[in-house]
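In the working numbering, the protein residues as written are 4 to 171.
The C-beta atom is built at its ideal place from N, Cα and C for all residues, glycine as well.
Nothing here was measured: the structure is a model prediction, and the numbers come from that model.
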(Lines of atoms letter the chains of each structure in order from A and count residues from 1; the text may use other names and numbers.)
(Lines give C-alpha, C1' and ligand atoms only; values in the text may rest on other atoms or scores of the structure.)
Protein backbone atom coordinates (compact mmCIF):
# COMPACT_ATOMS: atom_id res chain seq x y z
CA UNK A 1 0.00 0.00 0.00
CA UNK A 2 2.76 2.46 0.89
CA UNK A 3 5.68 1.20 -1.15
CA UNK A 4 7.84 3.84 -2.74
CA UNK A 5 8.44 3.44 -6.46
CA UNK A 6 12.12 2.70 -6.04
CA UNK A 7 14.44 1.75 -3.25
CA UNK A 8 16.94 4.57 -2.94
CA UNK A 9 19.06 3.06 -0.20
CA UNK A 10 19.88 -0.47 0.86
CA UNK A 11 19.46 -1.64 4.43
CA UNK A 12 23.27 -1.72 4.73
CA UNK A 13 23.54 1.93 3.61
CA UNK A 14 20.88 2.96 6.13
CA UNK A 15 22.62 0.97 8.88
CA UNK A 16 26.01 2.52 8.11
CA UNK A 17 24.46 6.01 8.03
CA UNK A 18 22.74 5.59 11.39
CA UNK A 19 25.78 3.93 13.02
CA UNK A 20 28.06 6.76 11.81
CA UNK A 21 25.56 9.27 13.24
CA UNK A 22 25.36 7.46 16.59
CA UNK A 23 29.16 7.23 16.85
CA UNK A 24 29.33 10.98 16.19
CA UNK A 25 26.87 11.55 19.05
CA UNK A 26 29.16 9.49 21.30
CA UNK A 27 27.54 6.06 21.31
CA UNK A 28 29.33 2.72 21.22
CA UNK A 29 28.05 0.24 18.67
CA UNK A 30 27.18 -3.11 20.26
CA UNK A 31 26.77 -6.39 18.42
CA UNK A 32 23.01 -6.87 18.06
CA UNK A 33 21.75 -10.00 19.79
CA UNK A 34 18.31 -11.38 20.41
CA UNK A 35 16.30 -9.50 23.00
CA UNK A 36 13.46 -11.88 23.73
CA UNK A 37 11.96 -12.61 20.32
CA UNK A 38 13.49 -9.56 18.63
CA UNK A 39 16.82 -9.21 16.85
CA UNK A 40 17.45 -5.47 16.42
CA UNK A 41 19.55 -4.04 13.60
CA UNK A 42 21.03 -1.37 15.87
CA UNK A 43 22.03 -1.64 19.53
CA UNK A 44 24.12 1.17 20.99
CA UNK A 45 24.97 2.61 24.38
CA UNK A 46 26.62 5.67 25.86
CA UNK A 47 27.82 5.92 29.43
CA UNK A 48 27.83 9.20 31.27
CA UNK A 49 29.14 8.82 34.81
CA UNK A 50 27.07 6.05 36.36
CA UNK A 51 24.18 6.58 33.92
CA UNK A 52 23.79 4.47 30.79
CA UNK A 53 21.85 5.55 27.70
CA UNK A 54 20.81 2.82 25.30
CA UNK A 55 19.08 2.79 21.90
CA UNK A 56 17.57 -0.20 20.12
CA UNK A 57 16.78 0.29 16.44
CA UNK A 58 15.03 -1.68 13.74
CA UNK A 59 15.60 -0.77 10.08
CA UNK A 60 12.84 -1.25 7.53
CA UNK A 61 12.92 -0.53 3.79
CA UNK A 62 9.81 1.66 3.77
CA UNK A 63 6.67 2.60 5.67
CA UNK A 64 4.88 -0.54 4.44
CA UNK A 65 7.06 -2.54 6.88
CA UNK A 66 6.56 -0.18 9.83
CA UNK A 67 4.10 -2.38 11.74
CA UNK A 68 6.54 -5.29 11.60
CA UNK A 69 9.26 -2.98 12.90
CA UNK A 70 7.10 -1.72 15.76
CA UNK A 71 6.25 -5.32 16.72
CA UNK A 72 9.97 -6.07 16.96
CA UNK A 73 10.52 -2.96 19.09
CA UNK A 74 7.58 -3.88 21.34
CA UNK A 75 9.03 -7.38 21.83
CA UNK A 76 12.38 -5.86 22.86
CA UNK A 77 10.63 -3.38 25.16
CA UNK A 78 8.88 -6.26 26.96
CA UNK A 79 12.34 -7.49 27.98
CA UNK A 80 14.31 -4.26 28.48
CA UNK A 81 11.59 -1.90 29.70
CA UNK A 82 11.22 1.83 29.23
CA UNK A 83 14.71 2.96 30.30
CA UNK A 84 15.90 2.16 26.77
CA UNK A 85 14.99 4.18 23.66
CA UNK A 86 13.42 2.40 20.69
CA UNK A 87 13.62 3.68 17.11
CA UNK A 88 12.04 2.52 13.89
CA UNK A 89 14.60 3.55 11.27
CA UNK A 90 13.51 4.24 7.70
CA UNK A 91 14.98 5.79 4.57
CA UNK A 92 13.37 9.08 3.47
CA UNK A 93 9.62 8.48 3.16
CA UNK A 94 6.98 10.34 1.17
CA UNK A 95 5.12 12.74 3.49
CA UNK A 96 1.85 11.52 2.02
CA UNK A 97 2.56 7.87 2.93
CA UNK A 98 3.96 8.89 6.31
CA UNK A 99 0.83 10.85 7.27
CA UNK A 100 -1.49 8.21 5.80
CA UNK A 101 0.16 5.56 7.97
CA UNK A 102 0.26 7.62 11.16
CA UNK A 103 -3.11 9.37 11.15
CA UNK A 104 -5.10 9.85 7.96
CA UNK A 105 -5.87 6.23 7.16
CA UNK A 106 -4.45 3.88 9.75
CA UNK A 107 -4.12 5.94 12.94
CA UNK A 108 -0.94 4.38 14.35
CA UNK A 109 0.33 7.66 15.80
CA UNK A 110 -1.37 7.22 19.20
CA UNK A 111 0.07 3.72 19.63
CA UNK A 112 3.55 4.89 18.62
CA UNK A 113 3.35 7.80 21.09
CA UNK A 114 1.92 5.63 23.91
CA UNK A 115 4.90 3.30 23.65
CA UNK A 116 7.35 6.23 23.39
CA UNK A 117 8.70 4.82 20.13
CA UNK A 118 10.63 7.05 17.77
CA UNK A 119 10.71 7.17 14.00
CA UNK A 120 14.02 8.17 12.46
CA UNK A 121 14.44 8.97 8.78
CA UNK A 122 17.97 8.42 7.47
CA UNK A 123 19.38 9.90 4.27
CA UNK A 124 22.90 8.51 3.72
CA UNK A 125 23.46 10.79 0.69
CA UNK A 126 23.14 13.84 2.94
CA UNK A 127 24.67 12.30 6.09
CA UNK A 128 21.44 13.22 7.80
CA UNK A 129 19.24 11.63 10.46
CA UNK A 130 15.89 13.18 11.36
CA UNK A 131 13.92 12.26 14.47
CA UNK A 132 10.49 12.64 12.92
CA UNK A 133 8.33 11.22 15.72
CA UNK A 134 9.18 11.03 19.41
CA UNK A 135 12.38 11.99 21.17
CA UNK A 136 15.19 10.05 22.91
CA UNK A 137 15.66 10.25 26.67
CA UNK A 138 19.32 11.19 26.19
CA UNK A 139 19.42 15.00 26.00
CA UNK A 140 22.73 14.86 24.13
CA UNK A 141 20.76 14.26 20.92
CA UNK A 142 19.40 17.84 21.06
CA UNK A 143 22.43 19.12 19.16
CA UNK A 144 22.64 16.37 16.54
CA UNK A 145 19.34 15.66 14.79
CA UNK A 146 18.53 17.66 11.65
CA UNK A 147 14.80 17.68 12.39
CA UNK A 148 13.53 17.10 15.88
CA UNK A 149 10.09 15.62 16.38
CA UNK A 150 8.78 17.86 13.63
CA UNK A 151 5.89 15.56 12.77
CA UNK A 152 4.58 15.39 16.34
CA UNK A 153 2.99 18.85 16.29
CA UNK A 154 1.50 18.50 12.83
CA UNK A 155 0.18 15.00 13.45
CA UNK A 156 -1.11 15.94 16.90
CA UNK A 157 -3.16 18.76 15.39
CA UNK A 158 -4.47 16.55 12.61
CA UNK A 159 -5.31 13.76 15.09
CA UNK A 160 -7.21 16.16 17.36
CA UNK A 161 -9.12 17.56 14.40
CA UNK A 162 -9.98 14.06 13.18
CA UNK A 163 -11.21 13.04 16.64
CA UNK A 164 -13.36 16.17 16.92
CA UNK A 165 -14.85 15.57 13.47
CA UNK A 166 -15.70 11.96 14.37
CA UNK A 167 -17.35 12.95 17.66
CA UNK A 168 -19.69 15.48 16.07
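Any idea if residue 75 is buried or exposed, counting beta-carbon neighbours within 10 angstroms, 16 or more meaning buried? buried
Would you mind stating whether residue 96 and residue 39 have Cβ atoms separated by less than 8 Å? no
At the level of alpha carbons, what is the spacing between residue 135 and residue 54? 26 Å
So, under 8 Å CB-CB, residue 21 and residue 115 are touching, yes? Tell me the CB distance rounded to an integer number of Å. With a Cβ gap of about 18 Å, residue 21 and residue 115 do not count as contacting.
I'd like to know whether the C-beta atoms of residue 45 and residue 28 end up nearer to each other than 8 Å. no
Residue 63 to residue 94, Cα distance in whole Å? 8 Å
Could you have a look at residue 33 and say whether DSSP puts it in helix, strand or coil? coil
Apart from the five residues on each side of it in sequence, which residues of its chain come closer than 7 Å, Cβ to Cβ, to residue 85? 119
Quick one: is residue 88 buried, meaning 16 or more other Cβ sit within 10 Å of its Cβ, or exposed? buried
Taking DSSP as the reference, what is the three-state secondary structure of residue 52? coil
Along the chain, where does the alpha helix (DSSP H) containing residue 23 start, and where does it finish? 14-28
Just to confirm, are residue 127 and residue 16 a CB contact at a threshold of 8 Å? yes
For residue 57, write down the residues that DSSP places opposite it in a beta bridge. 48
For residue 142, count neighbouring C-beta atoms within 10 Å of its own C-beta (all shown protein chains included) and say buried if the count is 16 or more, exposed if not. exposed
Are there 16 or more other CB atoms within 10 angstroms of the CB of residue 133, so buried, or fewer, so exposed? buried
Is residue 130 helix, strand or coil when you go by DSSP? coil
Can you tell me where the beta strand (DSSP E) with residue 93 in it begins and where it stops? 88-93
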